Every structure is written in C-alpha cells, then in structure tokens.
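Residue numbers (my numbering), protein chains in the order written: chain H, 1 to 235; chain G, 1001 to 1282.
Have a look at the structure below, then the notes.
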Amino acid sequence: MIRFSHVVKEYPRTGLALNDVTFRVNKGEFAFLTGPSGAGKSTILRLVIVEERPTAGEVRVSGSLTSGLPRGEIPRLRRRIGVVFQDFRLLEDRTAEENIAFALEVTGAPREGIPARVSRLLTQVGLASKGTSYPKELSGGEQQRVAIARALVNDPVLLVADEPTGNLDDRATRGVFQLLRDINAAGTAVLMATHNLELVKRNTYRVIEVNRGQLVFDSADGNGGAATVTSSTPA
Amino acid sequence: MRLTFREVMLGVRRSPLLSTLSVVTIAFSLFAFGLFGLLVLNVDRALRGVEEHVEIVAFLADGTLPESISAAMGDISAFPEVARVDQVSPEQALARARAELPEFQDVFDASFLPPSLEVRLKEGHRDPATVKDVTQRIQTYPFVDDVRYGEDWVKKLYDIRNIAGAAGIALGLLFAAVAVIIIGTTIRMTVLARSREISIMRLVGATDGFVRRPFLIDGFLKGLIGGLLALLLTWGANYLISHNLIQTVFFDPGIAFLGVLGGGIIGLLGSALSVGRHLRRA
Ligand SMILES: Nc1ncnc2c1ncn2[C@@H]1O[C@H](COP(=O)(O)OP(=O)(O)OP(=O)(O)O)[C@@H](O)[C@H]1O
Ligand SMILES: [Mg+2]
C-alpha cells in the first residue's frame, strides 16, 4: 500500500526533514506514526498524499511511484486516499452535509447519487442527526467525524490521518479513534500520526517511530507490539 | 455547472469593486479598438469611392504617330495593374471641357488640348504607391509629355487611415494589457479568498481543470460583459456621429460579435494567468 525506500526529503530553507527512511505499510494494515515534534511525521504523510515529492529515494503509494507521477495523475491517486488533519479543514460556510457532498461534487460524482451517499456516510460516522449543522455548531469530535466522512467519500484503500485527535479531549479521542478502527476493520489501511502515547500503548497496532528525520523504531521489525516503544517515549 | 455559476456569483458579491473595474477596463480596451476601427472602416469606404475615379492621364506630344499610340496602348493595357486604356482625342477633350465648364465654351479651342491616354487601374491597385509606379512606367515613352494622377488628398486619406489603424491597435493593445492585469488581480483576490476551498478540493482529488474552471468562466463572463458594453459605447458614438456630423457605416454583425468575443478572451487570459500561477505554486 505504502512503500518508502531510502527516502530523503530536504526542504529549501529548513534543510533535511527525512533522511534515508525505509518502511512499508500493507493493505488493510493499521499503523501509528510516532515521534517528537519536528521528527518528520507530517512530512511522511505529505509524501504519501503527493503534496511533496522525495528529494531522493522512492515513495510508492497504491502501486504508483510518486516521484515520476505527472501532475495530472495526482487527483486520481488522491481519490484512493482519504486524508484527515488535526484542524479538521472543514468549510465554515457549509453544513456537515454540504462539506461531505463538496468532496463528491468536486471529484465529479454523479449528482443524483450524492444525497444518499452523504446520508449513509453521516450515519457511518454517527452523525445522522447533525447533517444540517454548520461546523461552528459542532463539537471538535463531531467536526472530526465530518472530516472523516468526507475522507471516505470515494471508498479509499488508505486513510492518512495527521494527529486526528490532537485537538480533542479524551472522550472525543476515544470516539474518533474507535471510528478509525472500524474503518480499518472494514478493510481500509490506516496510517495515523499521533502524539498520544496512551492511545498507542493501549492498542497492539503497528508502531513506526521517527526522530530527527530517521526511522528509529518499527514494531514490525523487532519483537513486535506497541508496548515496547523506545527510549524517546516516556513511560 | 450549477456549482460553477454559484461560485461566479459569489465572487462578484465578494469583490464588487474589482469586478466592476475589470469589466470597465475590458470595455474601454475594446471601445478604443472600436472607435478607431470605425474610423478605419469609414475612411476605407470613402477611399474606395475616390479610388474608383482614380485614373492616370498621359498627355501626348503633338504629332505622335497613331501607330506609336496604339502600340503604347497595347503595352500599357498589358500591365497587370491596368484595367483599361482609352484614347482621348483633342476633339473629345474639347467637348468634355465645354460640357464641364459651360461658361468658357467659347474660350476653348481644339488646338489647346493635346491628345491623351486615360488609364484606369484595377481594383486593389489604386493605392498611391501603385499609381505612382505605373505613372513612372508610362512616363518612359518618349512621346508622353506629362502624366497626371490622383491628387494629394488621396494620399492624405490613406495616411489618415493608416495612422488611425495603428493608433487604434496600439491604444487597444495597451488597454487590453491593462485589462488582463486587472482581471488577473480580481481573479487572484477571489482565488486567495477561496484558497482554503481550493486546497480542500485538491486534497480530495479534484483535477486542476475542475479547480480552474469556475475562475475561467468568471473571467470569460466579465470579459463578455465588457465586450458588450464596448459594443454599446461604440454603437452610441457611431449613432451620434451619424446623426450630427457625417453619414457613417457601422461594423457588420460578424465583426461586432468577434469584438465581444475578444472581450471574453481577454477575461479568460487574465484569469488563466492568475489561477495558473496559484495552482503551480501549491
Ligand atoms: N513546508 C515546509 N517547509 C520547510 N520546512 C518544513 C516544512 N514542513 C516541515 N518542515 C521542517 O521539516 C521538519 C519536520 O517537520 P514535520 O512537520 O514533518 O514534523 P512533525 O513530526 O510532523 O512534527 P509535529 O509533531 O510538530 O507535527 C521540521 O524541522 C520542519 O521545520
Ligand atoms: Mg506534524
């Protein structure tokens, strides 16, 4: 699903953000991406959604090599990837329904099918009754659910989440995380960057840890299991 | 399409001043084209009227042999620019002069008037340069005394037309460039105001073409409105001139349509440039 080999990413002004990163995430897998602030987590996710291209090395997503991917091909790849951010990125002047429908409209989905699809997605994320609310009228957790519903419009094979619970309290975090687990259980691979070590430890999902642009731990390599997260993570 | 139109209207509502400004500059750019175009059109028409009368008259020396004259007439009518050559005898010339100037009937005498050749040029060869060229060739016959052709004001009309044409194109292009910049700025404001929307569109996999389309339509529509406004202004100016100064003709519908379309294209160009820059950066 995702395959990084010897990936180097250098930003014009800040220099090396990733240095020789190699890992893969399989179809249907759930993986946490952890590490201190500035480690390069967001950079990895941006490489996955082809918002950035590697300076050296190869990034493969769903079979496509992103370095050589023509601009015109990026949208097609993005439709197979759902993306969720810490700040939700909803349009404030549109209701929950309209935010979800927007993603369908702009990717050229047939108009007739949109309302039914939107209401199914709202139900799936547990917001069936909040479709006509504006983001302002929703709690953080609810807003993130809308964002997740929007990420699911095209039945992605992969969901990429950059600290999706970063702005949420414990209760909302649990709810959103459970939703991501359900989505994964239905077959979608999930790569989730997070600072929330409680969440990481409480689950047995794969953990990939980066620090200063390098991959320092991958639970799939060694003795497996999230319980053995390494040194940089406080107990 | 419905989505697109809604977005265009939103854009207009968000920046009414800039939207108006872009429409107005496009209108002025095309109005400049239009006014000078009208001038060229009408001077051209006047010139065609004058040109029909352009003829070259070669006065022949006394005692020229009829054989020489007919040989010369054969030569001259073989010039590619020449439509017709007529010989005018002193008697014919006298009759004509008497008809045209009846007051001087008695003054004229056939002996005053030399025989001459009247040369008419084909349409498309009646411009001053060609006339002069043909005149010079006729002058080479030894028995040709003097050659006269169209007056100075033919050349003057040509100059007016050429200057008006050049001025119209220069001024119109200048305005068009300003219009492209202004419409580009307007669209860029809209693009920036909606950069969040655009980034989400791209995130969920909208194509660049889809993202670009509403802006292009926006620019194109503003351009079309500007073009229509210019047409209206030009038509109004023509109406005023026609009714107060001299009878003029207006563009035929095809040309007018092309002008309005030109406005649309200016608008399209402006927005394509500014959206393209935004998309390439992101
Ligand atoms: N767009 C950018 N331009 C230049 N430098 C960048 C850019 N984005 C990130 N960086 C740099 O790359 C490094 C890694 O940043 P990144 O955002 O990937 O870290 P992160 O692990 O997501 O951190 P956080 O946990 O705080 O979100 C940082 O040093 C940062 O300054
Ligand atoms: Mg980050």
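Even glycine gets a Cβ: it sits at the ideal position worked out from N, Cα and C.
None of these values were measured; they are calculated from a predicted model.
The three-state secondary structure of residue 159 of chain H, taken from DSSP, is strand. If you look at residue 11 of chain H, you'll find it in the beta strand (DSSP E) that goes 2-11. No heavy atom of ligand 2 is found nearer than 6 Å to the CB of residue 9 of chain H.
Contact annotation, residue 1275 of chain G with residue 1191 of chain G: C-beta distance approximately 6 Å; criterion of less than 8 Å satisfied. Here the alpha carbon of residue 1048 of chain G sits roughly 14 Å from the alpha carbon of residue 1160 of chain G.
Judged by DSSP secondary structure, residue 47 of chain H falls within the alpha helix (DSSP H) whose first and last residues are 41-48.
Distance between residue 75 of chain H and residue 1174 of chain G, taken at the CA atoms: about 39 Å.
Note that the C-beta distance between residue 107 of chain H and residue 150 of chain H is not below 7 Å.
Shown here, residue 109 of chain H sits in coil according to DSSP, grouped into three states, outside any helix or strand. At a cut-off of 7 Å between C-beta atoms, residue 1203 of chain G counts as an interface residue with respect to chain H. Ligand 1 never approaches residue 1029 of chain G closely enough for any of its heavy atoms to be under 6 Å from the residue's Cβ. By the rule that beta-carbons nearer than 7 Å mark a contact, residue 55 of chain H does not touch chain G. Counting the other CB atoms within 10 Å of its CB gives residue 1244 of chain G a total below 16, which places it among the exposed residues.
Contact annotation: residue 188 of chain H and residue 32 of chain H have beta-carbon atoms that are not nearer than 7 Å.
For residue 215 of chain H, the three-state secondary structure derived from DSSP is strand.
Residue state for residue 1252 of chain G is assigned as coil, using DSSP reduced to three classes.
With the rule of 3 Cβ pairs closer than 8 Å, the stretch 108-119 of chain H does not count as touching the stretch 59-75 of chain H.
The beta-carbon of residue 110 of chain H is placed no less than 7 Å from the nearest beta-carbon of chain G.
Within the stretch 129-190 of chain H, the complete alpha helix (DSSP H) runs of at least 4 residues fall at 140-151, 170-185. Residue 1027 of chain G is outside the set of residues whose beta carbon lies under 7 Å from a beta carbon in chain H. Under the DSSP definition of a beta bridge, residue 1120 of chain G partners with G:1055, G:1084. Under the 8 Å Cβ criterion, the stretch 160-175 of chain H counts as touching the stretch 85-105 of chain H, having at least three qualifying pairs.
If you ignore the 5 residues before and after residue 1132 of chain G, its C-beta comes within less than 8 Å of the C-beta of 1149, all in its own chain and listed in chain order. Three or more beta-carbon pairs separated by less than 8 Å link the stretch 32-45 of chain H to the stretch 208-217 of chain H, which places the two stretches in contact. The shortest CA-to-CA distance from residue 160 of chain H to any of H:134, H:20, H:62, H:12 is the one to H:62. Residue 198 of chain H sits in a helix when the DSSP states are folded into three classes. Separation of residue 97 of chain H and residue 132 of chain H (C-alpha to C-alpha, rounded to the nearest whole angstrom) is 6 Å.
Secondary structure of residue 1237 of chain G (DSSP, three-state): helix.
For the stretch 55-77 of chain H, the set of positions with a beta-carbon nearer than 9 Å to some beta-carbon of chain G reads 71, 72, 74, 75, 76, 77 in chain order. Assignment of beta strand (DSSP E) within the stretch 1022-1080 of chain G, counting only whole runs of 3 or more residues, yields 1055-1060 in chain order. The C-beta of residue 143 of chain H has 16 or more other C-beta atoms within 10 Å across all chains shown, which makes the residue buried.
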